[in-house]
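Scroll down for the structure; my scribbles are underneath it.
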Amino acid sequence: MISDWKRSQEMKEIYDVAIIGAGVCGANVARKLSQYELDVVLLEKEIDVSLGTSKANSGIVHGGFHDHISTLKARLELQGALMFDRLHEELDFPFERCGILVAALHEDEMKAIEQLYLQGVENGVIGIEMCSRERMLELEPKLNPDVVGGLYAPSGGILEPYRFVFSLVESARNNGVQVKTEFEVEAAERRGDCWHIRAKGGQEIRARYVVNSAGLHADSVSAAFGAERFTIMPRKGEYYLLDRTTKAKPSRVIFPVPTEVSKGILVIPTVEGTVLIGPTASPAQSKEDFATTREQLEHVLHAARMMVPAISENDVITSFAGLRAAYGSDFYIALSEKVPALVHVAGIQSPGLTASPAIGEYVKDLLKKAGLRLVEKPDWDPCVRKVPRARDADPFALDALVAQDPAYGDIVCRCERVSEAEIVAAIRAGHTTLDGIKYYTRAQMGRCQGGFCTYKIIRILMRETGMRFDQITKRGGDSFVLKGSL
Amino acid sequence: MKQLTFDAVVIGGGAAGMAAALELDARGHSVLILEREDALGGILMQCIHNGFGLIEFNEELTGPEFAQRFEEKVVARNIQVSLRTTVLDIREEEGAKAIYCVSPEQGMMRVQARTIVLAMGCRERNRGNIRIPGTRPAGIYTAGLAQRLVNIEGYIPGKDVVIIGSGDIGLIMARRMSWSGCKVHAVIEILPYPSGLTRNIVQCLNDFGIPLYLSHLVTDIYGNDRVEGIEVTPIESGALMHEKAFKIACDTVLLSVGLVPENELSRNAGIEIQPTTNGPWVDSMLMTTMPGVFACGNVLHVHDLVDYVVEEARRAGANAAAWLSGYRPARELRVKTGQNIRYVLPMRINPERENRLYMRSLVVKNDARLEVRLDGAVVKSRRLAHVQPSEMLSLTLAPEELSAAGRDSTIEIALV
Chain A
1 MISDWKRSQE MKEIYDVAII GAGVCGANVA RKLSQYELDV VLLEKEIDVS LGTSKANSGI
61 VHGGFHDHIS TLKARLELQG ALMFDRLHEE LDFPFERCGI LVAALHEDEM KAIEQLYLQG
121 VENGVIGIEM CSRERMLELE PKLNPDVVGG LYAPSGGILE PYRFVFSLVE SARNNGVQVK
181 TEFEVEAAER RGDCWHIRAK GGQEIRARYV VNSAGLHADS VSAAFGAERF TIMPRKGEYY
241 LLDRTTKAKP SRVIFPVPTE VSKGILVIPT VEGTVLIGPT ASPAQSKEDF ATTREQLEHV
301 LHAARMMVPA ISENDVITSF AGLRAAYGSD FYIALSEKVP ALVHVAGIQS PGLTASPAIG
361 EYVKDLLKKA GLRLVEKPDW DPCVRKVPRA RDADPFALDA LVAQDPAYGD IVCRCERVSE
421 AEIVAAIRAG HTTLDGIKYY TRAQMGRCQG GFCTYKIIRI LMRETGMRFD QITKRGGDSF
481 VLKGSL
Chain B
1 MKQLTFDAVV IGGGAAGMAA ALELDARGHS VLILEREDAL GGILMQCIHN GFGLIEFNEE
61 LTGPEFAQRF EEKVVARNIQ VSLRTTVLDI REEEGAKAIY CVSPEQGMMR VQARTIVLAM
121 GCRERNRGNI RIPGTRPAGI YTAGLAQRLV NIEGYIPGKD VVIIGSGDIG LIMARRMSWS
181 GCKVHAVIEI LPYPSGLTRN IVQCLNDFGI PLYLSHLVTD IYGNDRVEGI EVTPIESGAL
241 MHEKAFKIAC DTVLLSVGLV PENELSRNAG IEIQPTTNGP WVDSMLMTTM PGVFACGNVL
301 HVHDLVDYVV EEARRAGANA AAWLSGYRPA RELRVKTGQN IRYVLPMRIN PERENRLYMR
361 SLVVKNDARL EVRLDGAVVK SRRLAHVQPS EMLSLTLAPE ELSAAGRDST IEIALV
């Protein structure tokens, strides 16, 4: 039977630290703090972790040349980018340093390329290179042949952002951090040396220190604590996902020359073999506005084709939108000046994913400054259990896996080649919605978008959890998948 | 890793796979059918409506009944079947074909064969393929998934339904959902004519009073957790009439917007795929560009009727058997698509044998004439009262009709 960590946990009387928001920032802070003798709780309003901005972004480890080292975000980006190789070894999430190209299509864009190059050099980016047209086409033959030159940052990379968050949270949990999902912070009050935090629905927890890493909702969380007043402006980014069979798959991430407002529409070879194009940058109607629009998606296709002409709308398997938690021009990571023992981690837009491991360190230091005592655990375990994947196994390796667990021989998702064993692993790791299983395993993420495997996943979910058919959701809330039975 | 050797391996145990395997077996070759589900029959098993077998058996059967007739023969002939088996790779190794597949019971298997018949069927196009913008709530399913959920799993995916696309599965599901107590509010079709068979429009929509909106496009989907509605925009003279857009409230959207042959395995093996059919290029023997590998059924091109599938599959099986016995066509003529024709199969014909050709029209047309031209000269023609892209056309060419063919002759099929 499933080891249900959600229910089996004993709640603590008073936590040392409560982290609000289980996106990539909250998860990094949680894992960092799990190294110390502390009682830590990670609070998330959704049914699973990583369901906000952290699930719908470009999944890039940036090259460290887009922002100047004098900014906080550039410093944390440069530091964070260097931490990924070790995290990848410890946490078993898909990651690859494939390199980043910035392509100029007109001579007049070369000035901006040169500025980016000089900024990269000043930032200390290793291996950054100004490229001629020939060099660009050698590095990426799929590029538009009209390219006039560009920039190459070999250390840039790609990762699966939700898998990164899942692994961070799993690691934090293995080291004693408690995770409470469906805990939406509504109010907080300081009594003595303790925050009393109340969720919608009336649940309450107490913590001495609080980290506000609530992403899009960091402003309302701050307000709930009576802390600083600021406004997060959601800015939408729309993407198309292309099938792994596309002929347009580049081998490196391709950026256009950036504009004032964004880094532009990218062509990203995802670490799992599909291709992502996007994002747009437009104001969202609200913090729940995840709708894609015809106009913006047309723009994505057009702009991506400028970089890689072979991109075809026939390769599109899905579209989606993510919201950037925009606030000002730099990250806002600081101790509250209005209330005690509260750290804001707000305004984390690009390069937030890249910077996130460094944000974990930075927040730890801020908490220490505010008086949190940090004593290292002697038995901290940095590694998570590796779940082998059927699609990565050669015939002999897969044969050995099936011998140990026959469920590896049952390929549930044919498009992304995901076995039943991996679906079960996702459920046992606490991902009990269709989307949670999708982000953990990639089942339903391929060209048929769940057409063939959804009913199989429903069966496995019911068998493993004891849920009834009418309790199964796409991603919690009222997103019920089935409305009745015969 | 388990090693097996057969004369022929058939990939896919649906109607096409079983029909092909029976022909190979009848000609004395050892055959193994690889099927990924836990039963033979393929997609027929969830098609519990009738209308199957009118040509093949001269009677109306349900999908499972149709499948059963073939399954019984497969069992009676003792043809080997490996269920719950997913093929991962087809490779050429040491002059033979090796099929790598896996099942929970057998683990990895390497099956060596001299010939392979591809019969993997097709998949449904989905929302992303037709790029409908909007939110991504629960309640959006392909019609085939909904059919599986209702007919086999026993669940109702939703109560207030809109169907996008007028493909046959969508029409069948409009009736099925109505029978199950659901309200089907509309079927929305982007084209000016329906994509499904006329008999399904009558029996599944008209009989239930379900409105069919032709020349309408779904331009938005609403709802955050679960679908709440869609926006529909009329198309007039090729332009979207945004001022005439309207909303339909619903909790479920079913998509029936076309089928795509499932050729990822073929593509990875290096087999050439035709852009017009999304299926393999095949010669007069239904052999792909990988010698000894044949294709039939919906993996080759999407058929309207299973009766045509089994007819084609029998030929593929018989050809594979002939190929095993050393038969090679002495010469082949190139087949060209002419006016108003989207595709013709196969891409080569054998002037010394009888040839069965399947084709689809590009246009809707009354009082049309299907012409076969040999180097420009009409050698055969047939009157057709009505043609439309959704109804497949076929014709047979006898050797005597091709007697004038020279070495480099070309056959062209046209609709005038």
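Chain order of the listed sequences is A and B. Counting in my numbering, the final residue of the first sequence is number 486, and the numbers go up one at a time with none missing. Counting in my numbering, the final residue of the second sequence is number 416, and the numbers go up one at a time with none missing. Beta carbons are placed, not taken as given, at the ideal position from N, Cα and C, and that holds for glycine. None of the values given here were measured: they were computed from a predicted structure.
Taking all protein chains shown into account, decide if residue i is buried (16 or more other Cβ within 10 angstroms of its Cβ) or exposed.
i               : result
Y327 of chain B : exposed
K10 of chain B  : According to the sequence shown, residue 10 of chain B is Val rather than Lys. Classification of V10 of chain B: buried, given that the 10 Å Cβ count is 16 or more.
D25 of chain B  : buried
I411 of chain B : buried
M569 of chain A : Chain A is shown only over 1 to 486; residue 569 of chain A falls outside these bounds and no answer can be derived.
L255 of chain B : buried
G238 of chain B : exposed
S3 of chain A   : Bear in mind that the predicted position of S3 of chain A carries a pLDDT of just 43, short of 50, making it unreliable; the figure below should be weighed with that in mind. The residue in question, S3 of chain A, is exposed, as its Cβ has fewer than 16 Cβ neighbours within 10 Å.
S319 of chain A : buried
A172 of chain A : buried
S103 of chain B : buried
N268 of chain B : exposed
M1 of chain A   : With a pLDDT of only 35 at M1 of chain A, under the threshold of 50, the placement of this residue in the model should not be trusted, and no figure is reported.
Give a yes or no on whether the minimum CB-CB distance between residue i and chain B is below 9 Å.
i               : result
Y408 of chain A : yes
Y455 of chain A : yes
P279 of chain A : no
S282 of chain A : no
N174 of chain A : no
I458 of chain A : yes
L372 of chain A : no
E420 of chain A : yes
T490 of chain A : Nothing in the structure corresponds to residue 490 of chain A, since chain A is present only between 1 and 486.
Assuming residue i contacts residue j under a Cβ cut-off of 8 Å, what Cβ separation, rounded to an integer in Å, is found between them?
i               : j               : result
N57 of chain A  : L353 of chain A : 6 Å
V375 of chain A : E37 of chain A  : 4 Å
V306 of chain B : F6 of chain B   : With a Cβ gap of about 26 Å, V306 of chain B and F6 of chain B do not count as contacting.
A304 of chain A : I311 of chain A : 5 Å
L301 of chain A : E288 of chain A : 26 Å between Cβ atoms; not a contact.
L342 of chain A : V210 of chain A : 5 Å
R206 of chain A : D193 of chain A : Wrong, their Cβ atoms sit about 10 Å apart, outside the cutoff.
R442 of chain A : E416 of chain A : 4 Å
Does the beta carbon of residue i fall short of 8 Å from some heavy atom of the ligand SAH?
i               : result
I128 of chain A : As for the ligand SAH, it is missing from this structure, which has no ligand bound.
Establish whether the CB of residue i and some CB of chain A are separated by less than 9 Å.
i               : result
S103 of chain B : yes
M347 of chain B : no
V10 of chain B  : no
T135 of chain B : yes
E312 of chain B : no
V218 of chain B : no
Y213 of chain B : no
V302 of chain B : no
Run down chain A in chain order and give the residues with a C-beta less than 7 Å from the C-beta of residue i.
i               : result
T86 of chain B  : I411, R414
V257 of chain B : Near V257 of chain B there are no residues of chain A at all, since even the closest Cβ is about 12 Å away, more than 7 Å.
D225 of chain B : G477, D478, S479
A138 of chain B : T473, K474, S479, F480, V481
G154 of chain B : S485, L486
Can you pull the chain A residues whose beta carbon is under 9 Å from the beta carbon of residue i, in chain order?
i               : result
K159 of chain B : K483, G484
S180 of chain B : G484, L486
V150 of chain B : L486
Taking residue i as the query, report the chain E residues whose CB atoms sit under 7 Å from its CB, ordered along the chain.
i               : result
N298 of chain B : Judged by its chain identifiers, the structure shown contains no chain E, and its protein chains are A and B.
What does residue i touch in chain B if you count any residue whose Cβ is under 7 Å from its own?
i               : result
D399 of chain A : M1, G107, M108
V24 of chain A  : None at all; the shortest Cβ gap to chain B is about 21 Å.
Which residues of chain A have a Cβ atom closer than 8 Å to the Cβ of residue i, listed in chain order?
i               : result
R251 of chain B : Arg is not the amino acid found at residue 251 of chain B; the sequence shown has Asp there. The answer, in chain order, is K483.
Applying a beta-carbon distance threshold of less than 8 Å, which residues of chain B neighbour residue i?
i               : result
E313 of chain A : R131
I317 of chain A : N126, G128, N129
In the region 380-396 of chain A, which residues sit with their C-beta less than 7 Å from some C-beta in chain B, listed in chain order?
-> Listed in sequence order: P395, F396.
Relative to chain B, which residues along the region 321-350 of chain A have a C-beta separation below 8 Å, given in chain order?
-> Hits within the stretch: zero.
Against chain A: residues of the region 328-345 of chain B by CB proximity under 7 Å = Of all residues in the region 328-345 of chain B, none comes within less than 7 Å of chain A when Cβ atoms are compared.
If contact means a Cβ-Cβ distance below 7 Å, which residues of the region 288-305 of chain A contact chain B?
-> Hits within the stretch, in order: E288, F290, A291, T292, T293, R294, L297.
Taking a cut of 9 Å between CB atoms, which residues from the region 93-109 of chain A lie near chain B?
-> Result list empty, no residue passes.
Listed in chain order, which residues of the region 430-443 of chain A have Cβ atoms closer than 7 Å to some Cβ of chain B?
-> Within the region 430-443 of chain A, no residue has a Cβ lying closer than 7 Å to any Cβ of chain B.
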